[in-house]
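Take a look at the structure below.
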Amino acid sequence: MTRKTITELLQIKASKRMRPDKTSYTALLFSDECAIADETGLSLLAVECAALSEDILPERYSRNQKSFSNNDQLNLLQSHVAIMGLGGLGGTVTEILARIGVGSLTLVDGDCFDESNLNRQILSSPALLGASKAKTARNRVNEINPAIKVTSVQDFLTDSNGETLLTGAQLAVDCLDTISARFILEKACKSTGIPLVSAAIGGSNGQATVIFPEDPGLRLIYGPVDKTAQSGIEATLGTLPYAAMYMAAVQCAEITTILLGAPAELKNKLFIADVQEHSADVITLQSP
Numbered sequence: 009m010t011r012k013t014i015t016e017l018l019q020i021k022a023s024k025r026m027r028p029d030k031t032s033y034t035a036l037l038f039s040d041e042c043a044i045a046d047e048t049g050l051s052l053l054a055v056e057c058a059a060l061s062e063d064i065l066p067e068r069y070s071r072n073q074k075s076f077s078n079n080d081q082l083n084l085l086q087s088h089v090a091i092m093g094l095g096g097l098g099g100t101v102t103e104i105l106a107r108i109g110v111g112s113l114t115l116v117d118g119d120c121f122d123e124s125n126l127n128r129q130i131l132s133s134p135a136l137l138g139a140s141k142a143k144t145a146r147n148r149v150n151e152i153n154p155a156i157k158v159t160s161v162q163d164f165l166t167d168s169n170g171e172t173l174l175t176g177a178q179l180a181v182d183c184l185d186t187i188s189a190r191f192i193l194e195k196a197c198k199s200t201g202i203p204l205v206s207a208a209i210g211g212s213n214g215q216a217t218v219i220f221p222e223d224p225g226l227r228l229i230y231g232p233v234d235k236t237a238q239s240g241i242e243a244t245l246g247t248l249p250y251a252a253m254y255m256a257a258v259q260c261a262e263i264t265t266i267l268l269g270a271p272a273e274l275k276n277k278l279f280i281a282d283v284q285e286h287s288a289d290v291i292t293l294q295s296p
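Under the working numbering, the residues of the sequence shown are numbered 9 to 296, in order.
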């Protein structure tokens with residue numbers, strides 16, 4: 009029997025489905041993705057990309073529409089994002105990007121879970137106390153979206169490894185917990201020529217910004233790198249779970265905007281919010 013091509017298999021397995029608004033689309037169910045991957049030897053990621061190239065939507069992404077087109081979804085699957093820090097912000101950013109369909113993720117954190125993480129870090133649980141955050145994040149992505157290509161690194165960001173950790177990434181996400189580490193990441197992003205989506209939280213407050221290689225960046229928020237404090241307000245105010253998840257969502261909105269080629273809303277701007285008071289504002293960052 010002649011082996012069928014990926015295009016033939018997609019046409020056989022694809023089916024018409026209806027959105028809640030009664031518009032139709034051509035879909036590919038996960039079970040059929042797996043069957044095609046088994047028959048062709050292709051990865052699930054390759055099968056999903058091939059499907060979208062044929063205007064067939066993997067069903068798991070159907071509720072991303074109509075915000076994203078099939079071409080948008082393909083672009084996300086072909087994107088590579090590095091997430092630095094896998095705690096309150098980074099764990100939720102990882103969860104969102106895996107579910108929305110960013111195809112390659114580099115997940116970096118040298119830490120392990122302890123009990124103080126349980127109030128806000130979505131990847132943590134009592135059963136995982138002492139477990140590597142990077143390995144746990146990798147396992148979580150594999151569990152919820154096996155098509156995603158994951159590289160996990162159980163190491164801390166340093167001056168010497170920053171550029172290496174960003175290899176292949178189109179964008180980096182700052183989910184770090186010290187100001188000094190943020191400056192190290194910004195330096196690595198500028199050296200590799202990729203944008204940085206940065207956020208921080210303290211108590212019920214949060215802030216976020218987007219920094220491109222040509223931008224002044226973090227010094228407009230924190231001042232010169234040699235005169236900044238080691239930690240931010242989280243050391244005093246603590247870190248509440250709804251602030252972490254809120255700001256992670258803000259980061260992911262900017263990440264997808266940038267990956268899809270639209271202007272970043274927070275480039276050279278600072279989004280500040282108090283989740284408890286339901287207040288938010290965007291201020292323009294200007295050099296002194």
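From the three backbone atoms N, C-alpha and C, an ideal C-beta is built for every residue, glycine too.
For residue i, three-class secondary structure by DSSP
{"i": "arginine 107", "result": "helix"}
{"i": "serine 61", "result": "helix"}
{"i": "isoleucine 91", "result": "strand"}
{"i": "aspartate 80", "result": "helix"}
{"i": "serine 124", "result": "helix"}
{"i": "isoleucine 291", "result": "strand"}
{"i": "aspartate 74", "result": "Per the sequence presented here, residue 74 reads as lysine, with aspartate not at that position. Reduced to three states, the DSSP call for lysine 74 is coil."}
{"i": "proline 296", "result": "coil"}
{"i": "lysine 275", "result": "strand"}
{"i": "serine 39", "result": "helix"}
{"i": "leucine 204", "result": "strand"}
{"i": "alanine 216", "result": "strand"}
{"i": "threonine 159", "result": "strand"}
{"i": "leucine 18", "result": "helix"}
{"i": "arginine 25", "result": "strand"}
{"i": "valine 283", "result": "coil"}
{"i": "leucine 267", "result": "helix"}
{"i": "alanine 221", "result": "Residue identity differs from the one stated: residue 221 is proline in this sequence, not alanine. Three-state DSSP puts proline 221 in coil, outside helix and strand."}
{"i": "aspartate 167", "result": "coil"}
{"i": "proline 8", "result": "Look at the range of the chain in this structure, 9 to 296, and you will see that residue 8 is not part of it."}
{"i": "serine 51", "result": "coil"}
{"i": "proline 232", "result": "coil"}
{"i": "threonine 247", "result": "strand"}
{"i": "leucine 115", "result": "strand"}
{"i": "glycine 211", "result": "strand"}
{"i": "serine 133", "result": "coil"}
{"i": "alanine 180", "result": "strand"}
{"i": "methionine 9", "result": "Annotation note: pLDDT 34 at methionine 9 (below 50); position unreliable, no value reported."}
Under 9 Å between C-beta atoms of residue i and residue j
{"i": "asparagine 213", "j": "alanine 180", "result": "no"}
{"i": "alanine 43", "j": "lysine 21", "result": "yes"}
{"i": "methionine 255", "j": "glutamine 284", "result": "no"}
{"i": "phenylalanine 182", "j": "alanine 145", "result": "Phenylalanine is not the amino acid found at residue 182; the sequence shown has aspartate there. For aspartate 182 and alanine 145, no; Cβs fall outside 9 Å."}
{"i": "leucine 50", "j": "isoleucine 14", "result": "yes"}
{"i": "asparagine 83", "j": "leucine 267", "result": "yes"}
{"i": "isoleucine 187", "j": "threonine 236", "result": "yes"}
{"i": "serine 176", "j": "serine 199", "result": "A small correction: the amino acid at residue 176 is glycine; serine does not occupy that position in the sequence shown. Against a cut-off of 9 Å, the Cβ pair of serine 199 and glycine 176 comes out as no contact."}
{"i": "isoleucine 229", "j": "leucine 278", "result": "yes"}
{"i": "aspartate 109", "j": "asparagine 147", "result": "Looking at the sequence itself, residue 109 is glycine, so the reference to aspartate does not match. Cβ atoms of glycine 109 and asparagine 147: not closer than 9 Å."}
{"i": "threonine 217", "j": "leucine 293", "result": "yes"}
{"i": "glutamine 178", "j": "valine 89", "result": "yes"}
{"i": "threonine 31", "j": "lysine 24", "result": "no"}
{"i": "arginine 107", "j": "lysine 74", "result": "no"}
{"i": "alanine 281", "j": "alanine 272", "result": "no"}
Rounded Cβ spacing between residue i and residue j (contact assumed at less than 8 Å)
{"i": "alanine 189", "j": "leucine 226", "result": "Not really, about 11 Å apart at Cβ, beyond 8 Å."}
{"i": "leucine 184", "j": "glutamate 194", "result": "Wrong, their Cβ atoms sit about 10 Å apart, outside the cutoff."}
{"i": "serine 70", "j": "serine 87", "result": "Going by Cβ atoms, the distance from serine 70 to serine 87 rounds to 19 Å, so no, they are not a contact pair."}
{"i": "leucine 67", "j": "leucine 37", "result": "Note that residue 67 is glutamate in the sequence shown here, rather than leucine. With 8 Å as the limit, glutamate 67 and leucine 37 qualify as a contact, their Cβ atoms being about 5 Å apart."}
{"i": "glycine 201", "j": "proline 221", "result": "5 Å"}
{"i": "proline 224", "j": "serine 295", "result": "6 Å"}
{"i": "leucine 60", "j": "asparagine 78", "result": "5 Å"}
{"i": "glycine 99", "j": "isoleucine 130", "result": "4 Å"}
{"i": "alanine 142", "j": "phenylalanine 121", "result": "Not confirmed; about 11 Å, so no contact."}
At a cut of 8 Å, does the segment 124-144 reach the segment 85-95 through at least three beta carbon pairs?
Below 8 Å, enough C-beta pairs join the segment 124-144 and the segment 85-95 to call them touching: three or more.
The segment 142-157 / the segment 102-112 touching (three or more Cβ pairs under 8 Å):
Yes, they touch.
Three-pair Cβ contact test at 8 Å for the segment 162-176 versus the segment 112-121
As far as the Cβ criterion goes, the segment 162-176 touches the segment 112-121, which means the pair count is three or higher.
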